[in-house]
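Position 122 of the sequence shown, counting from 1, maps to 123 under this note's numbering, and the rest follow consecutively. Beta carbons are placed, not taken as given, at the ideal position from N, Cα and C, and that holds for glycine. Notes to accompany the following structure.
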Amino acid sequence: MGKIILNLAISLDGYIADESGGVDWLNDFLNPEEDYGMQAFFEQCGTAIMGAKTYEQTLSFNYWYGNMEGIVFTSRELPLLEGKSVQFIEGDPTETVRYLKEKTKDSWLVGGASLIAQFINNNLLDELIITIVPRLLGKGIALCPELGEIQKLNLQETKSYTDGVVQLKYNF
């Protein structure tokens, strides 16, 4: 049975992107010698789940997440990434999550903030992997600006890296 896993990088002050939605502040940490476990994570996951803005950002990078299928929650018409299997879904993610949990591979909730809040508020996440990058942005898009209630998480694992990055793995 597959899990739904939120795995993302945040600044030390809790932002997943700058005010314009950009993630250029992560560029100093794109290191071919250290991928912070992402290649293994990509192999573990069969589906990448995201909102429309995250998908548009992915298109701007001209990049996709390994061999994963894509599910994009949107009410807008968006271009299809050529050569990739991407579904566009509107509305409540609950039924989609039930379907994904029946798969053998895990699914990765990539972002954005509103979709993350929906998943947390509706108890749709199984794990949360947060990679804290030693940068202070001061403002931007917060990890969870729309939570309905306080959430208690259980720490499963911690890793620290020589460049000051810390990775925390929780389950709900």
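Under the three-state reduction of DSSP output, Asn28 falls in the helix class. DSSP lists no bridge partner for Asp93.
Counting every other CB atom within 10 Å of its CB across the protein chains shown gives Met51 a total of 16 or more, marking it as buried.
The region 48-82 contains, as complete alpha helix (DSSP H) runs of 4+ residues, the segments 53-62 (chain order). In the three-state reduction of the DSSP assignment, Tyr171 falls in the strand class, which pools E and B. In the three-state reduction of the DSSP assignment, Ile121 falls in the helix class, which pools H, G and I. Approximately 21 Å separates the beta-carbon atoms of Thr48 and Glu78; this is outside 8 Å, ruling out the contact.
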